[in-house]
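Numbering (the numbering used here), first residue to last: 4 to 352.
So the structure is just underneath, and the comments pick up after that.
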Ligand SMILES: C[S@@+](CC[C@H](N)C(=O)[O-])C[C@H]1O[C@@H](n2cnc3c(N)ncnc32)[C@H](O)[C@@H]1O
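Now the structure itself:
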């Protein structure tokens with residue numbers, strides 16, 4: 004009753020129309036601001052391996068967890084209560100459990116959170132970047148590792164199975180993956196297709212070291228070899244070292260090699276074709292969308308496009324990629340456009 008009286012008083016004072024507007028902005032701003040808070044909280048807890056503690060249906064005791072990991076308990080409890088208020092965790096005294104919603108978000112979305120985290124510096128410094136007080140450069144060690152980790156986790160859900168199917172049908176057995184990150188693709192490939200052998204190279208030492216740990220975990224050290232290196236500078240030595248590769252794969256990498264400089268990509272691909280004696284190249288890339296396309300379905304594509312554009316890794320349209328491949332001398336270009344994911348897989352000869 005008391006609540007109703009206050010509501011009537013408020014309507015009298017500010018008017019029903021204004022009160023409805025307040026309700027509406029609370030909902031709209033709640034989604035916007037909530038996204039910011041929640042993304043930061045999930046990234047933070049992912050980075051301290053908090054969620055890894057919920058194996059099976061087990062719970063986490065925040066007091067013990069903080070003691071073991073030297074963390075601030077008040078802060079961790081605040082974060083966990085926040086996630087409980089959103090139905091991601093469930094609280095029982097000082098134990099927290101992961102709900103079905105929480106499990107789903109982490110199972111399907113942790114890759115996306117890692118990709119977002121790799122751009123965190125840029126968004127944190129957007130104002131000085133805009134005012135030209137700072138350049139839009141990312142901390143190279145951090146961004147390469149997290150971007151590779153995130154892309155690998157996300158691509159496992161949709162893109163890698165499709166690429167693996169292509170490779171299996173073509174009966175290729177020796178695969179060289181450039182910009183392999185922590186070998187997420189090569190591991191999936193070797194787990195699913197018997198007799199395959201993988202080589203991978205990546206610029207990020209951290210990603211390669213993490214990849215080698217993963218190889219031990221999956222008992223694949225005999226089938227996959229990872230190298231730390233720069234494919235642009237070390238192209239000749241890799242072409243020699245990995246001369247038995249039957250197909251070279253590059254997932255979400257080419258756009259990163261030369262940013263948006265098309266001429267440089269073409270020069271690289273021309274040299275690449277020559278050094279690898281016209282072996283099959285499989286390229287997978289996010290495709291740039293027009294504003295109209297993004298307006299129809301902005302869901303995360305707008306964010307991916309904005310983030311890449313800010314760091315000068317502007318994505319390209321399907322037409323741009325075709326032009327690049329034709330100018331690089333590829334005679335046969337087959338494209339599989341996954342319109343529902345705005346991703347293209349190009350098979351080039
Ligand atoms: C977006 S990630 C993709 C990782 C992996 N291909 C995947 O799909 O999960 C891009 C990767 O390219 C690597 N990379 C960027 N420039 C490179 C270069 N010049 N030589 C080798 N690797 C490079 C980065 O370190 C990063 O791991």
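For each residue, glycine too, the CB sits at the ideal point set by N, CA and C.
Every value quoted in this text rests on a predicted model; they were computed, and no experiment measured them.
Residue from the options whose Cα sits closest to the Cα of residue i
{"i": "residue 67", "options": "132, 207, 53, 285", "result": "53"}
{"i": "residue 170", "options": "286, 343, 37, 31", "result": "286"}
{"i": "residue 201", "options": "42, 246, 165, 123", "result": "246"}
{"i": "residue 331", "options": "348, 199, 281", "result": "281"}
{"i": "residue 58", "options": "342, 101, 260", "result": "101"}
{"i": "residue 109", "options": "91, 119, 122, 121", "result": "91"}
{"i": "residue 270", "options": "256, 321, 328", "result": "328"}
{"i": "residue 118", "options": "275, 203, 45", "result": "45"}
{"i": "residue 122", "options": "343, 308, 62, 197", "result": "308"}
{"i": "residue 268", "options": "316, 204, 166", "result": "316"}
First and last residue of the uninterrupted alpha helix (DSSP H) at residue i
{"i": "residue 99", "result": "Note, residue 99: premise wrong, no alpha helix (DSSP H); beta strand (DSSP E) at 98 to 101."}
{"i": "residue 305", "result": "304 to 313"}
{"i": "residue 13", "result": "5 to 17"}
{"i": "residue 219", "result": "208 to 220"}
{"i": "residue 242", "result": "238 to 244"}
{"i": "residue 326", "result": "321 to 330"}
{"i": "residue 275", "result": "265 to 278"}
{"i": "residue 258", "result": "257 to 260"}
Residue i (DSSP reduced to helix, strand or coil)
{"i": "residue 75", "result": "coil"}
{"i": "residue 284", "result": "strand"}
{"i": "residue 3", "result": "This structure cannot settle anything about residue 3, because the visible part of the chain is limited to 4 through 352."}
{"i": "residue 23", "result": "helix"}
{"i": "residue 91", "result": "coil"}
{"i": "residue 190", "result": "helix"}
{"i": "residue 29", "result": "helix"}
{"i": "residue 45", "result": "helix"}
{"i": "residue 159", "result": "coil"}
{"i": "residue 121", "result": "helix"}
{"i": "residue 234", "result": "coil"}
{"i": "residue 223", "result": "coil"}
{"i": "residue 252", "result": "strand"}
{"i": "residue 347", "result": "strand"}
{"i": "residue 144", "result": "helix"}
{"i": "residue 195", "result": "helix"}
{"i": "residue 34", "result": "helix"}
{"i": "residue 128", "result": "coil"}
{"i": "residue 289", "result": "strand"}
{"i": "residue 70", "result": "helix"}
{"i": "residue 135", "result": "coil"}
{"i": "residue 228", "result": "strand"}
Residue i versus residue j: straight-line alpha-carbon distance, rounded
{"i": "residue 237", "j": "residue 94", "result": "53 angstroms"}
{"i": "residue 184", "j": "residue 254", "result": "10 angstroms"}
{"i": "residue 78", "j": "residue 34", "result": "23 angstroms"}
{"i": "residue 174", "j": "residue 313", "result": "40 angstroms"}
{"i": "residue 12", "j": "residue 31", "result": "25 angstroms"}
{"i": "residue 39", "j": "residue 261", "result": "31 angstroms"}
{"i": "residue 55", "j": "residue 143", "result": "26 angstroms"}
{"i": "residue 1", "j": "residue 319", "result": "Residue coverage of the chain in this structure runs from 4 to 352, which leaves residue 1 outside it and unanswerable."}
{"i": "residue 292", "j": "residue 351", "result": "23 angstroms"}
{"i": "residue 224", "j": "residue 234", "result": "22 angstroms"}
{"i": "residue 194", "j": "residue 214", "result": "15 angstroms"}
{"i": "residue 120", "j": "residue 4", "result": "47 angstroms"}
{"i": "residue 134", "j": "residue 164", "result": "43 angstroms"}
{"i": "residue 159", "j": "residue 81", "result": "33 angstroms"}
{"i": "residue 334", "j": "residue 325", "result": "11 angstroms"}
{"i": "residue 199", "j": "residue 276", "result": "23 angstroms"}
{"i": "residue 322", "j": "residue 345", "result": "13 angstroms"}
{"i": "residue 103", "j": "residue 60", "result": "10 angstroms"}
{"i": "residue 48", "j": "residue 74", "result": "11 angstroms"}
{"i": "residue 258", "j": "residue 36", "result": "31 angstroms"}
{"i": "residue 186", "j": "residue 229", "result": "8 angstroms"}
{"i": "residue 337", "j": "residue 83", "result": "48 angstroms"}
{"i": "residue 227", "j": "residue 97", "result": "44 angstroms"}
Counted within 10 angstroms of its Cβ, other Cβ atoms place residue i as buried (16 or more) or exposed
{"i": "residue 340", "result": "exposed"}
{"i": "residue 148", "result": "buried"}
{"i": "residue 6", "result": "exposed"}
{"i": "residue 20", "result": "exposed"}
{"i": "residue 141", "result": "buried"}
{"i": "residue 25", "result": "exposed"}
{"i": "residue 65", "result": "buried"}
{"i": "residue 8", "result": "exposed"}
{"i": "residue 127", "result": "exposed"}
{"i": "residue 155", "result": "buried"}
Near ligand 2: residue i beta-carbon under 7 angstroms from a heavy atom
{"i": "residue 101", "result": "Among the ligands in the structure shown, ligand 2 does not appear; only ligand 1 can be found there."}
Bounding residues of the beta strand (DSSP E) (the contiguous stretch that carries residue i)
{"i": "residue 203", "result": "200 to 205"}
{"i": "residue 337", "result": "336 to 341"}
{"i": "residue 300", "result": "It is not in any beta strand (DSSP E) - residue 300 carries neither H nor E in the DSSP assignment."}
{"i": "residue 180", "result": "177 to 181"}
{"i": "residue 57", "result": "It is not in any beta strand (DSSP E) - residue 57 carries neither H nor E in the DSSP assignment."}
Chain E within 8 angstroms of residue i, Cβ atoms only
{"i": "residue 310", "result": "The structure shown contains no chain E; it holds only a single protein chain."}
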